[in-house]
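As you go down the protein sequences, you meet chains D and A in turn.
Note that UniProt numbering has the first sequence beginning at 1, numbered continuously upward.
Note that UniProt numbering has the second sequence beginning at 1, numbered continuously upward.
Ideal Cβ placement from N, Cα and C applies to all residues, glycine included.
Worksheet: one structure, shown below.
There are 2 protein chains.
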Amino acid sequence: MAPAYKVTYFDLTALGEPIRFLLSYGGIEFEDNRFQRENWPAIKPNTPFGQVPILEHNGKVAHQSIAICRYLAKQVKLVGKDDWEDLEIDAAVDTINDLRQSKLAHIIMNQTKKIKQTKAGPLFNEILPFYLGKLDEQAKRNNGYLAAGRLTWADVYFIALLDYINFMAKKDIIADSPNLQSVKENVLKVPNVKDWIEKRPKDNL
Amino acid sequence: MAPAYKVTYFDLTALGEPIRFLLSYGGIEFEDNRFQRENWPAIKPNTPFGQVPILEHNGKVAHQSIAICRYLAKQVKLVGKDDWEDLEIDAAVDTINDLRQSKLAHIIMNQTKKIKQTKAGPLFNEILPFYLGKLDEQAKRNNGYLAAGRLTWADVYFIALLDYINFMAKKDIIADSPNLQSVKENVLKVPNVKDWIEKRPKDNL
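Shown next, in the form of structure tokens:
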């Protein structure tokens, strides 16, 4: 029988990887449907909003990677114990995504050389250290996790995405953040996550 | 007794308004703590990540407007009936936020004149019509709502934010989207929402 879940994304970690991490964490078998860049124009019109990753389950299709991750987190029981904990987890996830999307991607990927030069200074000297300092304090308060004082999908989301964030930043952004390094260790030591990292295809970032 | 919820934001609709709409929808009394721009530097260091809106409740502070909205949606019962409906609601909310943040704000607000001129064409002639067309189809399938075939916090989020999105776009972005107009009507006809709009301070966008 085919697996009940199918993940469609580029042959990359990036935005697909938090979804694959969460499925792997839960021991849920899934079809890891990867396509090459040259096939994207043919696939794009068949997605809900012209974007990937998408998740297919029981004949239904979902888009938006964070929404998909939250859904899977409920299935694999990596959510909060009450609504306020879920709020803290959601806020951590959206902060990491802001870092990736509004701060890094928009300055690094889509700009003219001149804007890159003007904005890279503040980004690397002020904005990133500010956010990472705050996140590191948060991880310290939560004993090596981003929220709720224990492993939640916020940690899995962050660490699954970290290779991509580091690729954009061209450095290890948590090199000076000991408590975020603990978050990384706490995610990567989970046996199911370890197994996934060993068996996954080589990254093409 | 002071209200149990306190919302702190600029004296604007924008990102604060979905939170105020949801509290109003649920008939929850809240302290609507607005500050003027000149006071922002003094307030900023006392927020969790240097950003507003923030929500205070029972001595705890939360940030990230969408995470706050999802929390309040649970309190006022505007969530899905199962995990998959919540996924559809979350995906709609993140799509609207992408439209605001990645598509509109980053092109319109933060760029040089030259980039504005180069990018405004594709934005208004291709990207916005594509997204709005998809969202309009989605609202049609859901009988005048964005998800689940009935009123959820995705609708409230969208309509509360619409004035701000239109302000950035310098036009009514749903003028040609009859089903998104139905979403607007369906939110604005709720008596508690109507009452809030009548009594709220004049917008300073």
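| query | result |
| --- | --- |
| Neighbour-count burial assignment, residue 221 of chain D, 16 or more Cβ in a 10 Å radius | Not covered by the structure: residue 221 of chain D. The range shown for chain D is 1 to 205. |
| Below-8 Å beta-carbon distance, D:K134 vs any chain A residue | yes |
| Beta carbon proximity, A:Q36 to chain D, threshold 8 Å | no |
| Contact the segment 68-75 of chain D vs the segment 94-107 of chain D: 3+ CB pairs below 8 Å | no |
| is_contact[A:R141, chain D] using C-beta, thresh 8 Å | no |
| Contacts of D:R20 in chain A (Cβ-Cβ under 7 Å) | Near D:R20 there are no residues of chain A at all, since even the closest Cβ is about 17 Å away, more than 7 Å. |
| Euclidean distance between Cα positions of D:M168 and D:L132 | 15 Å |
| Closer than 7 Å at the beta carbon, the chain D residues around A:T95 | F49 and Q64 |
| Beta bridge counterpart(s) of A:V7 as assigned by DSSP | A:D32 and A:L55 |
| D:A67: first and last residue of the uninterrupted alpha helix (DSSP H) it sits in | S65 to Q75 |
| A:S182 and A:G144 closer than 8 Å at C-beta | yes |
| A:S65 versus D:N204: straight-line alpha-carbon distance, rounded | 34 Å |
| Length of the line joining the Cα atoms of D:Q51 and D:P129 | 31 Å |
| Nonlocal neighbours in the same chain, by C-beta distance under 8 Å from D:E185, ignoring five residues either side | G144 |
| D:V61 classed as buried or exposed, judged by whether at least 16 other C-beta atoms fall within 10 angstroms | exposed |
| DSSP-derived helix/strand/coil call for D:A160 | helix |
| Classification of D:Q117 by the beta-carbon crowding that lies within 10 angstroms, buried from 16 upward | exposed |
| Which of helix, strand or coil DSSP assigns to D:A148 | coil |
| CB contact check: D:I54 to chain A, cutoff 8 Å | no |
| Under the three-state DSSP convention, the category D:V61 falls into | strand |
| Selection of the segment 76-91 of chain D by Cβ proximity to chain A, strictly under 9 Å | D83, W84, D86, L87, E88, I89, D90 and A91 |
| Minimum Cβ-Cβ distance from residue 206 of chain D to chain A less than 8 Å | Since the displayed chain D opens at 1 and closes at 205, residue 206 of chain D lies outside it and no answer follows. |
| is_contact[D:A42, chain A] using C-beta, thresh 8 Å | no |
| Contact check, D:A147 vs D:I68, beta carbons under 8 Å | no |
| Inter-residue Cα distance where the pair is D:Y25 and D:V7 | 15 Å |
| CA-to-CA distance, A:E31 to D:D11, given in whole angstroms | 49 Å |
| Inter-residue spacing [alpha-carbon to alpha-carbon] between A:P53 and A:R34 | 10 Å |
| C-alpha distance - D:R150 paired with A:W40, whole-angstrom precision | 34 Å |
| Touch test, the segment 74-84 of chain A against the segment 156-168 of chain D, Cβ-Cβ under 8 Å, three pairs minimum | no |
| Complete alpha helix (DSSP H) runs within the UniProt domain "GST C-terminal" (82-205) of chain D (minimum length 4 residues, chain order) | 83-98, 113-122, 128-141, 153-169, 178-188 and 191-199 |
| Listed by chain order, chain A residues near D:Q101 by CB distance under 7 Å | S102 |
| Between the CA atoms of A:P3 and A:I127 - distance to the nearest angstrom | 42 Å |
| Close Cβ partners of A:F154 (< 6 Å) along its chain, the five nearest in sequence each way excluded | According to the sequence shown, residue 154 of chain A is Ala rather than Phe. Excluding residues within five positions, the ones whose Cβ falls inside 6 Å are I89, A92, V93, L146 and A147. |
| Coil, strand or helix - A:F21 by DSSP | helix |
| Coil, strand or helix - D:A42 by DSSP | helix |
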